[in-house]
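Residues in the sequence shown are numbered consecutively from 1, following the UniProt record's numbering.
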Amino acid sequence: MADATKVKNAEQALQTLQHDGKCHSLLKKYYTKEVIEKLKNKSTSMNATLWDCIQSGITVGYETSAGNFRRRSLIPFCSGESKGLCRGVLGVVNLDSGVGIYAPDAESYATFSDLFYPIINVSK
1 MADATKVKNA
11 EQALQTLQHD
21 GKCHSLLKKY
31 YTKEVIEKLK
41 NKSTSMNATL
51 WDCIQSGITV
61 GYETSAGNFR
71 RRSLIPFCSG
81 ESKGLCRGVL
91 GVVNLDSGVG
101 IYAPDAESYA
111 TFSDLFYPII
121 NVSK
């Protein structure tokens, strides 16, 4: 079962994707309320969650002043015009991704198939 923070991030991701008019990723097209409700609490045996699968299509990492690379959490919205990357409330949004999803482990394809399969079939 996914932890509460990852479930919340997965739920808020829909708002982030839908509020960006320049985002045209496959994730945006197939990430629906129905998919979220069905998958948000699931996890693989290696603890991969829905949020882990979609995070690359929502956020990007950033470099701190000390030069350390860290990943920021979900940005609930992006204010102003987006040019792919824009500063939001909590970090940097990565909405210019063409696909916007990846499988953290092999089991993710089956566990989160309601999201992966439509995207894979479009990409063929």
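C-beta atoms are modelled at their ideal positions from N, C-alpha and C, and glycine is treated no differently. Computed from a predicted model, the values in this text were never measured in an experiment.
The Cβ atoms of D105 and L39 do not sit closer than 8 Å to each other. Membership of C53 in the alpha helix (DSSP H) is indicated by the continuous run L50 to I54. Classified as exposed, D3 has fewer than 16 neighbouring CB atoms from the shown chains inside 10 Å of its CB. In this structure, the beta-carbon distance from T32 to S108 does not fall below 8 Å. When C-alpha distances from T49 are compared across V122, K28, K8 and I120, the shortest belongs to K8.
Taking the Cα positions, K42 is about 8 Å away from F112.
For the options K29, I36 and L27, the alpha carbon positioned closest to that of A10 is the one of I36. In this structure, the straight-line span from the alpha carbon of L26 to that of N121 is close to 11 Å. Contact annotation, C23 with A103: C-beta distance approximately 21 Å; criterion of less than 8 Å not satisfied.
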